[in-house]
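What follows is a set of notes on a single structure, which appears directly below.
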DNA sequence: TCCCGCAACTATACCGGTTTAGTACCCCCC
DNA sequence: GGGGGGTACTAAACCGGTATAGTTGCGGGA
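Protein chains in written order, with this note's numbering: chain A, 26 to 368; chain B, 26 to 368.
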């Protein structure tokens, strides 16, 4: 015999399928003694629910969906993403909710997967990352009527819930700090231009520039890879009036930039200050160690999980959770410009 | 009306449910003209299969299961794991197979999840990582009769398939290289002692030591974290006759070790050579850059996916795929001992 | 004493597909 | 013109649970 079903249990105990179902789900209408007998036999036979059968009846899938449209290669590089994933998973696992994951080529394929999984009841909700400017996914998810949490915000994600950190505030604090050190030419090696948070950081730097009366602030967009981060740094440092400080949109790019500075003979922090968005083991163990905007990424993922679980319980809700603004952790890579201290 | 079912299509076209099912699955016994009409209507109504209903009938789940028993925090740190995951996903996605992921507390919980998912037909097979010495999971998976691919090998995974790289060979090549440079005291900062690959690397170094007549080779086990990697390095470098070369079981620990060397005033590679298992952006952009055993981790993941897909197609099979042995990529962190060159 | 009401069940429909047994019909051929 | 065989379908069972309407038996109140 294959795996036992509730019908097998019912036969063995001598009751009906319905009684077994009621007993196993702790619903009233079954005598305590009968319930105990059923549970006993179920345990003996090593019975386990068949989630597909339950799902057919409209029950939970006990899974959250995460679809990512990125080249697989860039995924592996970023500690941020891996940490987020592990926090997310940890949060979901506490309630035995699995993560249904898929990497696809582009946004169109991503939307296709949303439709598939939603109509197949494969997941109870979606987690949306890499929110873009005028993101078509938002509309689709609203139409599908499936719970969804957007990572990033605030705003522009319609009726969907979101979890976000204040990128703008973080960038302003970096600009203030660098300006206070005396920097006038600040560059920004940003991520993908179509991401909302990239735009927000760029705008924040522009605004700071105006407010603080800085000379040349410039943002260069990249694909987040260490290669493009290095290339952008090379370009910036080759300018006639090169920047005295560079802010990177990821720790990986900051580390790559640090390498380029070394290769070009530009001293850090003597001639160039470096700040990284996102803190990780990379920034801590670099030499010199890198000043970074740190946040607890694992906790960020856990918050995401929390909101997702709430939404699954109560699909009508909409929540916007703002997590702690990343705080500047000052290390060795920042100093007043032109300070020729030994590194 | 909710989402359309094949019954809705059948009604609209004026045929039976069975005919629609046959048409949609491209099975013979339906006239071409009828099939075309059915497909047309299905498309119009935006029909999508309900995977739970299919699964009930015993069909594929189109998902592979990956359960990891590790603290979430260590997961986020390692580029190796993230890259493996992205390669795996990329390989699976090509055939629209999703990854069902769950992080659990311990091995017992992991086994529980195997039983659950297997009996619920939630996944078509499992991917097993972190193979341990006398791993109880192997037996359970064999008993469940579900396809499974073990990462790591060879041997000791019973009837299960595996994908592995030759850790032993790799460690031997490192020892040979360091000995050729003139090193006599080689230390090894290893990973978790219960992992098979950790054991294999430790044994390989011991064997090399005997074969090459080295003085003090020693392996210290850690939990793979940068903190323990740093601590182990500190201990090793504080010994009266400290090692002239250290091999680390991960790139993260190697980088942490490099930091400790700097902090203790030990020059790399002048006074200490450093080699890392697993190559990544970390080893490339460190200063000095770190000599590493590189392999294409993303490709490794893709191979894993390939074997998994084969097993899903033909559950009776058993495959043992040996992937390319990691090759030594020499960078700036290795040199003959006592060479006081500038770094 | 009779009826009501409730607890403790049973029997059965249902979810949305797949699959099998059965049937109507046509063509071919002796 | 009747039998054989294949094609193109239909009807219904089935997968393993959940939900619901119905049934039985018992205790209590009028």
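Where is the CB? At the ideal position from N, CA and C, for every residue including glycine.
Values in this document were obtained by computation on a predicted structure and should not be read as measured data.
For residue 131 (chain B), no CB of chain A lies under 8 Å from its own CB, so it is not counted at the interface with that chain.
At a cut-off of 8 Å, the C-beta of residue 294 (chain A) has no neighbouring C-beta in chain B.
Residues of the region 127 to 151 of chain A with a C-beta atom less than 7 Å from some C-beta of chain B are 127, 128, 129, 140, 141, 144, 145, 146, 147, listed in chain order. Under the three-pair Cβ rule at 8 Å, the region 102 to 118 of chain A counts as touching the region 301 to 308 of chain A.
With the rule of 3 Cβ pairs closer than 8 Å, the region 59 to 72 of chain B does not count as touching the region 232 to 249 of chain B. Your pair residue 88 (chain B) and residue 28 (chain B) does not check out as a contact, with CB atoms roughly 21 Å apart and the cut at 8 Å. When 7 Å is used as the limit between beta carbons, residue 76 (chain B) is near these residues of chain A: 145, 147, in chain order. No Cβ-Cβ contact shorter than 8 Å links residue 48 (chain B) with residue 41 (chain B). Under the three-state reduction of DSSP, residue 207 (chain B) is assigned to coil, being neither helix nor strand.
In this structure, residue 169 (chain B) sits near residue 139 (chain B), with a CB-CB distance shorter than 8 Å.
Listed by position along chain A, the residues whose Cβ is nearer than 7 Å to that of residue 118 (chain B) are 127, 128, 129.
In this chain, the alpha helix (DSSP H) harbouring residue 44 (chain B) covers 42 to 49. Contact between residue 38 (chain B) and residue 62 (chain B) is confirmed by a C-beta separation of about 6 Å, below the 8 Å threshold.
Every alpha helix (DSSP H) stretch that sits fully inside the region 158 to 189 of chain B and reaches 4 residues is listed by chain position as 161 to 169. For chain A, the residues of the region 302 to 321 of chain B that bring a beta carbon within less than 7 Å of one of its beta carbons are 306, 307, 310, 312, in chain order. With 16 or more other Cβ atoms inside 10 Å of its own Cβ, residue 229 (chain A) counts as buried.
Note: residue 124 (chain A) is bridge-paired with A:89, B:126 in the DSSP secondary-structure output.
Interface annotation for the region 249 to 267 of chain B against chain A: 251, criterion Cβ-Cβ distance under 7 Å. Using a Cβ-Cβ cut-off of 8 Å, residue 73 (chain B) counts as an interface residue toward chain A, since at least one Cβ of chain A sits closer than that to its own.
Residue pairing by DSSP puts residue 352 (chain A) in a beta bridge opposite A:319. DSSP, read as helix, strand or coil, puts residue 146 (chain A) in coil.
Residue contact check for residue 158 (chain B) against chain A: no CB pair falls below 8 Å.
One thing to note: residue 223 (chain A) has its Cβ within 8 Å of the Cβ of residue 274 (chain A). Secondary structure at residue 55 (chain B): coil, using DSSP grouped into helix, strand and coil.
Taking a beta-carbon distance threshold of 8 Å, residue 239 (chain A) does not count as an interface residue toward chain B. Annotation: residue 200 (chain A) to residue 192 (chain A) spans about 12 Å, alpha carbon to alpha carbon. As a beta-bridge residue in DSSP terms, residue 213 (chain B) pairs with B:244, B:272.
Note on residue 158 (chain B): under 16 other CB atoms within 10 angstroms of its CB, so exposed under the neighbour-count rule. DSSP, reduced to helix, strand and coil, places residue 303 (chain A) outside both helices and strands of the structure shown, so it counts as coil. For residue 220 (chain B), the three-state secondary structure derived from DSSP is strand.
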